[in-house]
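Chemist: Residue numbers (UniProt numbering), protein chains in the order written: chain Y, 1 to 132; chain S, 1 to 132.
C-beta atoms are modelled at their ideal positions from N, C-alpha and C, and glycine is treated no differently.
Below are the structure tokens for one structure; questions will follow.
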DNA sequence: CCTTGCCTTGACGCCGACGTCAAGGATTAC
DNA sequence: GTAATCCTTGACGTCGGCGTCAAGGCAAGG
């Protein structure tokens, strides 16, 4: 299949697929006319990349999975390097979530405090208490 | 005080302060020689911005707080517009945390599954079970 | 007078993952 | 034959928040 069809079937764009090729993630055979020529295996590669990207993986982090598939393994995560990326990502997510929870708590506290002050003293515009 | 001192006292750089000025967040008076001239109120503005930035607020989201302070209010969050930003940020954080928790769970599940397969069947390299 | 260290503006660089446009060749539909 | 739709490569644009460099002005100490 050609690049347009692969893009449609993978739910992405031709620009994205060419970008992946430029990054060395998706090498393409060429037809005699120079057109890129893909098969169903390439579709699997793209789907693997897209799935991980949707999870928030950076493109480089998908490389072990892609190479694992290209090496003939049944799944992208059938290789040690992929598992290492999984573990790092889980740790990264745990740390990030904890940080965000902390920030959320602090912002929530500030919000509550500011709302309380708002309910108590409705906007002191002037220290002499002008009526305007 | 001049820009270098303000930067030091605020724990940031002169480049950052000039950037804030260019964005209209930190207008600066000028001395006769053209040097920017700041006072302690400006330090408060910068500290307000940095605090919110550390929380993950975008620069534009700090604007209501800064304008609130510049309007003479005691705190950056003494104004309705600031409270609105707080509320939006809390909602945004809640949604983000929930998404990340979902991703974390899925990645954790995939990791566990892949590890289990790894322990069970150690790398089927060839469908004929070659010894190499 | 000269050096050092502050300050000024202007402008390009960076990062990631593409979007978008341009110029031109190939293919397909009618 | 020709128009519409694909494909090719190349290259610049986007976004946020600055970093970094360049060329030059201003002030103070020795």
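1) Measure the C-alpha to C-alpha separation of residue 93/Y and residue 30/S and round it to an integer number of angstroms.
2) Specify the secondary structure class of residue 39/S as computed by DSSP and reduced to three states.
3) Can you tell me whether DSSP reads residue 70/Y as helix, strand or coil?
4) Comparing alpha-carbon positions, which option in 32/Y, 56/Y, 64/Y and 112/Y lies nearest residue 107/S?
5) Would residue 3/S and residue 101/Y qualify as a contact pair, given that the criterion is a beta-carbon distance under 8 Å?
6) Judging by CA-CA distance, which residue of 62/Y, 99/Y, 95/Y and 70/Y is the nearest neighbour of residue 83/Y?
7) Taking CB distances under 8 Å as the criterion, tell me whether residue 58/S reaches chain Y.
8) Could you pull out every residue in the same chain whose Cβ sits closer than 7 Å to the Cβ of residue 126/S, ignoring the five residues on either side in sequence?
9) Quick check: the Cα distance between residue 134/S and residue 32/S, rounded to an integer number of angstroms?
10) Thinking C-alpha only, which one of 19/S, 42/S, 59/S and 76/S is nearest residue 110/Y?
11) Counting only runs that start and end within the stretch 66-115 of chain Y, where is the beta strand (DSSP E) found for 3 or more residues in a row?
12) Check whether chain Y comes within 8 Å of residue 116/S, counting only Cβ atoms and requiring the distance to be less than that.
13) Which residues bound the alpha helix (DSSP H) around residue 14/S?
14) Are the C-beta atoms of residue 106/Y and some chain S residue less than 8 Å apart?
15) Give me the chain Y residues within the contact set of residue 97/S, using Cβ-Cβ distance strictly less than 7 Å, ordered along the chain.
16) For chain S, find out if any of its Cβ atoms is closer than 8 Å to the Cβ of residue 38/Y; answer yes or no.
17) Does the beta-carbon of residue 64/S have 16 or more other beta-carbons within 10 angstroms, so that it is buried, or is it exposed?
18) Give me, in chain order, the residues of the same chain whose beta-carbon lies closer than 6 Å to that of residue 35/S; leave out the 5 immediate sequence neighbours on both sides.
Modeler: Per the coordinate set shown:
1) In the first chain, residue 93/Y corresponds to position 93, counting from 1. In the second chain, residue 30/S corresponds to position 30, counting from 1. Here the alpha carbons of residue 30/S and residue 93/Y stand approximately 46 Å from one another.
2) One-based indexing of the second chain puts residue 39/S at position 39. Note: residue 39/S maps to coil in three-state DSSP.
3) If you number the first chain from 1, residue 70/Y lands on position 70. DSSP places residue 70/Y in helix when its eight states are reduced to three.
4) Position 107 of the second chain, counting from 1, holds the residue named residue 107/S. Ranking 32/Y, 56/Y, 64/Y and 112/Y by Cα distance to residue 107/S puts 56/Y first.
5) Here residue 3/S corresponds to residue number 3 of the second chain, with the count starting at 1. Here residue 101/Y corresponds to residue number 101 of the first chain, with the count starting at 1. In this structure, residue 3/S lies away from residue 101/Y, with their beta-carbon atoms at least 8 Å apart.
6) On the first chain, residue 83/Y is found 83 positions in, with the first residue counted as 1. From the listed residues 62/Y, 99/Y, 95/Y and 70/Y, the smallest Cα separation to residue 83/Y is found for 62/Y.
7) What you label residue 58/S is simply residue 58 of the second chain in a count that begins at 1. By this cut-off, residue 58/S is not an interface position.
8) Position 126 of the second chain, counting from 1, holds the residue named residue 126/S. Because the pLDDT of residue 126/S is 47, which lies under 50, any placement of that residue in the model is unreliable, and the question is left without a value.
9) Any question about residue 134/S goes unanswered here, given that chain S covers just 1 to 132.
10) Within the first chain, residue 110/Y is the residue found at index 110, counting from 1. Residue 76/S holds the alpha-carbon nearest to the alpha-carbon of residue 110/Y among 19/S, 42/S, 59/S and 76/S.
11) Segments of the beta strand (DSSP E) lying fully in the stretch 66-115 of chain Y: there are none.
12) The residue you call residue 116/S lines up with position 116 of the second chain. Closer than 8 Å: no.
13) Taking the second chain and counting its residues from 1, the one referred to as residue 14/S is at position 14. Per DSSP, the continuous alpha helix (DSSP H) segment holding residue 14/S begins and ends at 14-22.
14) In the first chain, counting from the first residue as 1, residue 106/Y sits at position 106. Yes, residue 106/Y counts as interfacial toward chain S.
15) The count along the second chain starts at 1 and reaches residue 97/S at position 97. Chain Y residues near residue 97/S: 97, 100, 101 and 104.
16) If you number the first chain from 1, residue 38/Y lands on position 38. Taking CB atoms only, residue 38/Y has no neighbour in chain S less than 8 Å away.
17) Walking along the second chain from the start, residue 64/S turns up at place 64. Answer is buried; the Cβ neighbour count reaches 16.
18) By one-based count along the second chain, residue 35/S stands at place 35. So the qualifying residues of the chain are 2.
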